[in-house]
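A.B. asks: Just so you know, UniProt numbering puts 207 at position 207 of the sequence shown, and the rest follows in order with no gaps. Yeah, the Cβ is synthetic: ideal placement off N, Cα and C, and Gly gets one too. I am attaching a structure below and will ask some questions about it afterwards.
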Amino acid sequence: MPRSKRDKKVSLTKTDRKGLAWKQRFVDDIRFCVGKYPNIFVFQVQNMRNSILKDLRQEWKNNSRIIFGKNRVMQIGLGRTKSEEMEAGLHKLAKRLNGQVGLLFTEKSKEEVLEWAENYWAVEYARSGFIATETVTLPAGPLEDFAHSMEPHLRSLGMPTKLEKGIVTIYSDYTVCEEGKVLTPEQARILKLVGKPMAKFRMTIQCSWTKSDGFQLHVEDGINDETQVDSAVEEDVEEMDEDKDDDEDEAE
Numbered sequence: 001m002p003r004s005k006r007d008k009k010v011s012l013t014k015t016d017r018k019g020l021a022w023k024q025r026f027v028d029d030i031r032f033c034v035g036k037y038p039n040i041f042v043f044q045v046q047n048m049r050n051s052i053l054k055d056l057r058q059e060w061k062n063n064s065r066i067i068f069g070k071n072r073v074m075q076i077g078l079g080r081t082k083s084e085e086m087e088a089g090l091h092k093l094a095k096r097l098n099g100q101v102g103l104l105f106t107e108k109s110k111e112e113v114l115e116w117a118e119n120y121w122a123v124e125y126a127r128s129g130f131i132a133t134e135t136v137t138l139p140a141g142p143l144e145d146f147a148h149s150m151e152p153h154l155r156s157l158g159m160p161t162k163l164e165k166g167i168v169t170i171y172s173d174y175t176v177c178e179e180g181k182v183l184t185p186e187q188a189r190i191l192k193l194v195g196k197p198m199a200k201f202r203m204t205i206q207c208s209w210t211k212s213d214g215f216q217l218h219v220e221d222g223i224n225d226e227t228q229v230d231s232a233v234e235e236d237v238e239e240m241d242e243d244k245d246d247d248e249d250e251a252e
């Protein structure tokens, strides 16, 4: 019996490896920004939300550029040592690219950026694993904002609910979460359903580099700027070199 043309095996686990071309474009993009913008900041994010970051990129797009990516590749773009950096002091920025951090390239002054970061925050819904900042209790009574079809879902989350004359009703006071305790996935979902945001998105400026003043540390981190580059970064450079060799072999 002939096989159908539709009978094809499709791997659901295969993923494309980011090779030399992608990494090189990313490195080139960072180096372009180094030449274009006079001021660079390394910032750390608390309660990361892509939607807020997208709004910030839109807000700053006229005179700035926000870049998130693989820290080790960003380090290569800035220059990991004095001999590699495009401008004096940039290797000190590269050493601070650890954890959930990003780069802000901007034409705005250091004072403007620091003041903005100090005062900027956005309220967001907490996720599971977040430490509750307050105790939230829902009193017994009707929940008129919810359609009757939501009642089984609310009950599955642990809420003491029932339908009374087609209206979702809590039949006893219910404590969703307690201050200082870790939120479960169910608690985080309930807080979002009842419209109770608890997390704050913030950006903390770790350090900066300006063409006029050079490098400046804004949050003490105990990093020795004279130490050698992290071995993981060296491995990433070797990986890029291997990708280059592979690409050349394919071209031949």
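Give the DSSP bridge partners of residue 215, in chain order.
C.D. replies: Residue 215 pairs with 209.
A.B. asks: Rounded to whole angstroms, what is the Cα-Cα separation between residue 80 and residue 114?
C.D. replies: When rounded, the distance between both Cα atoms is 25 angstroms.
A.B. asks: First and last residue of the alpha helix (DSSP H) that includes residue 77?
C.D. replies: Segment 71-78, the alpha helix (DSSP H) holding residue 77.
A.B. asks: Which whole-angstrom value is the C-beta distance of residue 174 and residue 137, which I expect to be below 8 angstroms?
C.D. replies: With 8 angstroms as the limit, residue 174 and residue 137 qualify as a contact, their Cβ atoms being about 7 angstroms apart.
A.B. asks: Would residue 233 be called buried (16 or more neighbouring beta carbons within 10 Å of its own) or exposed?
C.D. replies: Confidence at residue 233 is low in this model, with a pLDDT of 49, below 50, so the placement of that residue should be treated as unreliable; the coordinate-derived value is given next. Buried, since its Cβ has 16 or more Cβ neighbours within 10 Å.
A.B. asks: For residue 250, name the three-state secondary structure that DSSP assigns.
C.D. replies: Low per-residue confidence applies at residue 250: pLDDT is 42, beneath 50, and the placement is therefore not dependable, though the value from the model is reported in the following sentence. It is helical.
A.B. asks: Taking the beta strand (DSSP E) that residue 117 falls in, what are its first and last residues?
C.D. replies: Counting along the chain, residue 117 falls outside any beta strand (DSSP E), though it belongs to the alpha helix (DSSP H) covering 110-119.
A.B. asks: Residue 95: buried (16+ other C-beta within 10 angstroms of its C-beta) or exposed?
C.D. replies: Flag for residue 95 reads buried.
A.B. asks: Based on the DSSP output, what are the partners of residue 141 in its beta bridges?
C.D. replies: Residue 141 pairs with 170.
A.B. asks: In its own chain, which residues sit with a C-beta less than 6 angstroms from the C-beta of residue 215, not counting the 5 before and 5 after it?
C.D. replies: If we look at residue 215 and ignore the five residues flanking it on each side, its Cβ neighbours are 89, 92 and 209.
A.B. asks: Taking just the CA atoms, how far does residue 33 sit from residue 150?
C.D. replies: Rounded to the nearest angstrom, the two C-alpha atoms are 49 angstroms apart.
A.B. asks: Give the secondary structure of residue 199 by DSSP, where H, G and I count as helix, E and B as strand, and everything else as coil.
C.D. replies: Residue state, collapsed to three classes: strand.
A.B. asks: Work out the CA separation of residue 105 and residue 71 for me, nearest whole Å.
C.D. replies: If you take the alpha carbons of residue 71 and residue 105, they lie about 16 angstroms apart.
A.B. asks: Going by DSSP, what residues sit across from residue 68 in a beta bridge?
C.D. replies: Residue 68 is not bridged to any residue.
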